[in-house]
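Trainee:
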Amino acid sequence: MFCIASDNNIDEYADSVCEFIRTCVEDVIPIATIKTFPNQKPWIDGSIRVELKARTTAFNQGKVSGNMTEFKQCSYSLRKAIKQAKRQYRDKVESQFNGPDTRGMWQGLQSIMDYRKKSSPVTDQDVLLPGRLNNFFARFEDNTVPLTRPATKTCGLSFTAAEVSKTFERVNASNSIIKFADDTTVVGLITNNDETAYREEVRALGVWCQENNLTLNVNKTKEMIVDFRKQQREHPPIHIDGTVVERVASFKFLGIHITDKLNWSTHTDSIVKKAQQRLFNLRRLKKFVLSPKALTNFYRCTIESILSGCITAWYGNCSALNRKALQRVVRSAQRITGGKLPALQDTYTTRCYRKAIKIIKDINHPSHCLFTPLSSRRRGQYRCIKAGTERLKNSFYLKAIRLLNSHH
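Mapping to our numbering: the sequence shown position 348 is 501, numbers consecutive.
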């Protein structure tokens, strides 16, 4: 039919068929127009929209007639519908805490808390950038330069875990190299003002990186000196590839703020600030009338995880002022959730004991040798060295040994 009407013209034939298909789609598939607004909440459904329209109509009619009784009834029905929709949405979010759909749970929580992601600004305003990218990725011309000599076969850069461990063995017993992912830390113990072994360790690390086609980012490399002597002396800077390494008073290492005075005020201030920001979200969930169990789960996931991150390393030497600031956050969260929350001191004690048990069971752990059992007459007891300073006494290892001995 379409072929005869088009007189064997392929363009007219294609237009006729496409128009017929479009007409069939419009007749069969219903079309609905839905308006969405930036501040529209996820619990807004069709029943609320119907009640909202009814209230608007009643208001306009009451304005003309002077009788606002119907408007009041519609307003009451609208408030009731909103409460019912919120209750259903809250039950849906709470049910997702026990289900496998964690993505849906977090999306629901973010909608309740009015969470908005930071918009990334456009970093490059160059109008010629799309053309250059298209030329780079979609070019077909051959711009290769002929080789004057045969190309040498090169193998990819690859190392095994054993090769890396062997390479990063310390040169001197007074030094230690800590490797985690792409972070490398060199720790040196300086005795009698002799920094030869420490500087040789840094030099050997730089040479190894050059020989294996690796580059140390000197701009991100920091040096921190911990010196508690009363008579301070000038320390010559460290050079890597002719560039001076920046010396800092504190830096963030694996999420922990370490200072040259080995106090934890900087770290506690940082985590208290983060925890207080998340208390706002917890209050929003409380205002939405979530159950205490859901509020407690949210606290453990987003607030307690921040306060207790690597707590065995720093909490023992925190000052009383810092501990009070941390505990204030826990008490605030406890008032919001309405349930009993564990104190940070109890969390610290429990994790120290568990960590010590894991170290004792793992004979390959670097700190396994620090837990020395006593004689057979005192089975279950471990040797605890004498601490000359309060800092050493409150450190993790001595605290863990005292906990182990107290449990036997």
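Every residue, glycine too, gets a C-beta built ideally from N, C-alpha and C. Only a predicted model underlies this, so the values are computations on that prediction, with no experimental measurement involved.
Check each candidate in V442, L460, L527, R436 and name the one with the smallest Cα separation from D422.
Mentor: Minimum Cα distance to D422 is reached at L460.
Trainee: Give me, in chain order, the residues of the same chain whose beta-carbon lies closer than 6 Å to that of S230; leave out the 5 immediate sequence neighbours on both sides.
Mentor: Closer than 6 Å at Cβ, skipping near neighbours: E204.
Trainee: Can you name, in chain order, every residue of its own chain whose Cβ lies under 7 Å from the Cβ of R436, other than the five neighbours on each side?
Mentor: Around R436: I489.
Trainee: Which term fits A334, buried or exposed, when burial requires 16 or more other beta carbons within 10 angstroms of its beta carbon?
Mentor: Per the 10 Å Cβ criterion, exposed.
Trainee: Could you check which residue in N434, F173, N450 has the C-alpha nearest to that of E247?
Mentor: It is N450 whose Cα lies nearest to the Cα of E247.
Trainee: Taking its Cβ as the centre, do 16 or more other Cβ atoms sit within 10 Å of W361, making it buried, or is it exposed?
Mentor: Exposed, by the Cβ-count rule.
Trainee: Is N346 helix, strand or coil by DSSP?
Mentor: N346: coil per DSSP, three-state reduction.
Trainee: Using a Cβ-Cβ cut-off of 7 Å (strictly less than) and excluding sequence neighbours within five positions of A207, which residues of its own chain qualify?
Mentor: For A207, where only same-chain residues beyond five positions count, the Cβ hits under 7 Å are C227.
Trainee: Give me the Cβ distance between A611 and Y506, rounded to the nearest whole Å; I'm assuming they're in contact under 8 Å.
Mentor: Lying outside 154 to 561, the shown extent of the chain, residue 611 is not represented and no answer is given.
Trainee: Rounded to a whole number of angstroms, what is the C-alpha to C-alpha distance between L497 and N475?
Mentor: The straight-line gap from Cα to Cα measures roughly 12 Å.
Trainee: Per the DSSP calculation, T396 is bridged to which residue(s)?
Mentor: Looking at the DSSP assignment, T396 forms a beta bridge with I393.
Trainee: Rounded to the nearest angstrom, what separates R532 and S520 at their Cα positions?
Mentor: Cα to Cα, the separation comes out at about 20 Å.
Trainee: Name the residue from D380, V425, V397, D244 whose alpha carbon lies nearest to the alpha carbon of K373.
Mentor: With distances taken between Cα atoms, K373 lies closest to V397.
Trainee: Using a beta-carbon distance below 8 Å, is K426 in contact with chain B?
Mentor: Within the model displayed, chain B is absent; a lone protein chain is all it includes.
Trainee: When the Cα of L407 is compared with those of T209, D336, G261, which residue comes out closest?
Mentor: The shortest Cα separation from L407 among T209, D336, G261 belongs to D336.
Trainee: Specify whether the segment 408 to 415 and the segment 373 to 385 touch according to this definition: at least 3 beta carbon pairs, one from each stretch, less than 8 Å apart.
Mentor: Enough Cβ pairs lie closer than 8 Å, so yes.
Trainee: Run the CB neighbour count on C471, radius 10 Å, all protein chains shown included, and call it buried at 16 or more, exposed below.
Mentor: So C471 counts as buried.
Trainee: Please classify D336: does DSSP put it in a helix, a strand, or coil?
Mentor: Strand.
Trainee: Please return the same chain residues whose Cβ sits closer than 6 Å to the Cβ of F224, not counting the five positions on each side in sequence.
Mentor: Excluding residues within five positions, the ones whose Cβ falls inside 6 Å are A211, F212, G215.
Trainee: Distance check for C454 and P303, CA to CA, integer angstroms please.
Mentor: Caution is warranted here: a pLDDT of 46 is assigned to P303, below 50, making its placement in the model unreliable, and no coordinate value can be reported.
Trainee: So I411 is in the beta strand (DSSP E); what residue range does that whole segment cover?
Mentor: That run of the beta strand (DSSP E) goes 409 to 412.
Trainee: Please work out which residues of its chain come closer than 7 Å, Cβ to Cβ, to K546, disregarding the five sequence neighbours upstream and downstream, and give them in chain order.
Mentor: Counting only Cβ-Cβ distances below 7 Å, and skipping sequence neighbours, we find A540.
Trainee: Is L369 near I393, with beta carbons less than 8 Å apart?
Mentor: Yes, they are a contact pair.
Trainee: Among residues of its own chain, excluding the 5 on either side of M221, which ones have a beta-carbon nearer than 7 Å to its beta-carbon?
Mentor: Around M221: G215.
Trainee: Suppose you measure from the CA of G257 to the CA of Q249; what does that come to, to the nearest Å?
Mentor: Approximately 7 Å between the Cα atoms of the pair.
Trainee: Within its chain, find whatever has a CB closer than 7 Å to the CB of A167; leave out the 5 residues flanking it on each side and keep chain order.
Mentor: Within the same chain, A167 has no close Cβ partners at all.
Trainee: Cutting at 8 Å between CB atoms, please list the residues of its own chain near L556, excluding the five before and the five after it.
Mentor: T502, C505, Y506, A509, listed in sequence order.
Trainee: Are W196 and K233 closer than 8 Å when you measure CB to CB?
Mentor: No, these two residues do not count as a Cβ contact at 8 Å.
Trainee: For K375, tell me which candidate among I516, C463, A478, R400 has the shortest Cα-Cα distance.
Mentor: Among I516, C463, A478, R400, the Cα nearest to that of K375 belongs to R400.
Trainee: Can you look up G257 in the DSSP assignment and give me helix, strand or coil?
Mentor: G257: helix per DSSP, three-state reduction.
Trainee: According to DSSP, simplified to helix, strand and coil, what is E376?
Mentor: Here E376 sits in strand by DSSP.
Trainee: Could you pull out every residue in the same chain whose Cβ sits closer than 7 Å to the Cβ of F404, ignoring the five residues on either side in sequence?
Mentor: Contacts found: K375, M377, I411.
Trainee: Given this structure, state the Cα-to-Cα distance separating K426 from E457, to the nearest angstrom.
Mentor: Looking at the two C-alpha atoms, the distance is approximately 13 Å.
Trainee: Count the other CB atoms within 10 Å of the CB of H420; is the residue buried (16 or more) or exposed (fewer)?
Mentor: Label assigned to H420: buried.
Trainee: Return the chain-ordered list of same chain residues with a C-beta closer than 6 Å to the C-beta of I513, the five sequence neighbours on each side being excluded.
Mentor: Same-chain partners within the cutoff: F524.
Trainee: Indicate the three-state DSSP secondary structure (helix, strand or coil) for P495 in the structure shown.
Mentor: Coil at P495, not helix or strand.
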